[in-house]
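Take 1 as the starting number for the sequence shown in full-length UniProt numbering and just add one per residue.
Notes follow the structure.
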Amino acid sequence: PAVAATRGVAGAMTLARRQQLRRHVTLPLGRIAVVEQGSGPAALFLHGFPLNSFQWRDAVAALSAHRRCIAPDFLGLGYTEPAPGQGVAPDDQVAMLVALMDKLGVDQADVLASDSGGAVAQLLLVRHPQRVRSLLLANCDSEPDCPPPKLLPVIAEAREGVFVDRSLALWAKDHDLARSAQGLHGLCYLHPDAPSDAALDAYLLPLVSSPARKALVHAYAIALDHNVLAGVSAPLKQSKVPARVVWGLADDIFFTGAPAHFEQAFGNGRGVRRLDGYKLFWPEERPDVVVEEALALWGVQA
């Protein structure tokens with residue numbers, strides 16, 4: 001029903017339905033896995049690490065009543081198949097998004113982004129400001145906190161080629177471990193049943209499916225070993241694009257000064273909303289907040 005969809009009820013979009021909606025768009029950079037729903041002005045949803053577009057499933061389902069929602073999987077993650085030798089660094093992701101928008105006939109999009117996807121979104125805004133109609137960020141990198149110190153052990157294990165086997169592969173096999181205080185849940189989620197079995201399968205199974213896929217995950221992490229946002233503060237401050245941030249205050253991966261930083265980071269900032277108790281991947285647990293904030297930023301009545 002439209003009412004339920006508008007509320008953005010977590011769990012409304014099943015993995016099977018999501019797989020039916022997913023298609024691949026062929027670009028020189030690779031075959032990009034994309035879920036597209038709705039029509040009208042475009043909205044682009046950028047996921048975090050090590051997730052994929054399934055992160056946004058319920059928000060996309062609800063917002064598709066108002067936008068042509070486009071949710072790609074980044075190069076190196078999810079179900080996207082990078083071309084041989086294709087890089088997976090943030091610069092490559094920006095190039096992929098521009099090429100994808102061109103291929104889909106999208107001149108401009110409202111961008112929603114989380115985690116490392118938020119870093120890519122800021123780069124997209126700085127380098128291609130005409131392509132971004134508005135920006136809605138969840139917890140993510142900022143120039144003074146990129147990469148966050150807590151990511152450094154992951155990068156180190158990725159350099160050794162062991163991160164996937166020591167973490168993601170174990171979580172893929174044991175969902176209870178993934179939902180423990182030591183697993184993905186403890187790091188990134190509030191609710192004890194998050195992430196769901198379907199979400200863990202969607203996120204992790206493609207990443208552990210072959211040595212080549214594991215190597216791409218490691219390459220994605222290694223590419224975050226330096227400040228990929230160096231120099232963005234000045235152009236963001238000069239930007240006229242409306243930008244809103246929603247921050248989960250229990251996140252201990254990104255620095256606690258981030259909300260204050262983002263309050264003054266944008267030339268057309270629309271403020272920062274703080275969510276008590278929520279961690280890095282709150283958008284998956286609170287699609288209702290994503291929907292509410294997006295519609296307000298877009299000036300659309302629910």
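Note that the Cβ used here is the ideal one computed from N, Cα and C, for glycine as well.
Note that the structure is a prediction, hence the values are computed from the model and not measured.
Check                                                                                                     : Outcome
Within 9 Å, strictly: CB atoms of V265 and S142                                                           : According to the sequence provided, residue 265 is Ala. The question's Val does not apply to it. Yes, they are a contact pair.
Collapsed DSSP secondary structure at A215 in the structure displayed                                     : helix
Residue from R31, R17 and H218 with nearest C-alpha to P84                                                : R31
For P82: DSSP bridge partner residues                                                                     : G30
R68 burial status per 10 Å Cβ neighbour count (16 or more: buried)                                        : buried
C-alpha gap between A61 and Q37, whole angstroms                                                          : 7 Å
Start-to-end residues for the alpha helix (DSSP H) that takes in C188                                     : L184 to C188
R274 and R244 closer than 9 Å at C-beta                                                                   : no
T80, buried or exposed, once every other Cβ within 10 Å from all chains shown has been counted against 16 : buried
Span separating the alpha-carbon of R7 from that of P41                                                   : Low confidence applies here, because R7 scores a pLDDT of 39, under 50, leaving its location unreliable and the question unanswered by this model.
Minimum C-alpha distance to H218 - residue among L151, V164 and M101                                      : V164
Beta-carbon separation (whole angstroms), L46 vs A99, contact threshold 8 Å                               : 15 Å between Cβ atoms; not a contact.
Contact under 9 Å by Cβ, A172 with D201                                                                   : yes
Proximity test, G269 beta-carbon vs the ligand SAH heavy atom, cut-off 8 Å                                : Among the components of this structure there are no ligands whatsoever, and the ligand SAH is therefore not found.
Buried or exposed by the 16-neighbour rule on C-beta atoms within 10 Å, applied to A2                     : Note that A2 scores a pLDDT of 33, beneath 50, so its modelled location is shaky; the value from the coordinates is reported in the next line. By the 10 Å Cβ count, A2 comes out exposed.
DSSP bridge partner residues for V35 (one or two, in chain order)                                         : R22 and A71
Contact set for L137: own chain, Cβ-Cβ below 6 Å, skip 5 residues either direction                        : A113, G118 and V245
Expected contact under 8 Å - CB spacing of A109 and R127 to nearest Å                                     : About 14 Å separates the two Cβ atoms, so there is no contact after all.
Anticipated Cβ contact below 8 Å, G277 with A250, distance rounded                                        : 5 Å
Nearest residue (CA-CA) to H185, options E293, K279, L75 and A221                                         : K279
Distance CB(A223)-CB(P90) smaller than 9 Å                                                                : yes
Endpoints, the beta strand (DSSP E) within which W247 is located                                          : A243 to G248
Rounded straight-line distance, which links the Cα of A71 to that of Y203                                 : 14 Å
Buried or exposed (CB count within 10 angstroms, at least 16 for buried), L152                            : exposed
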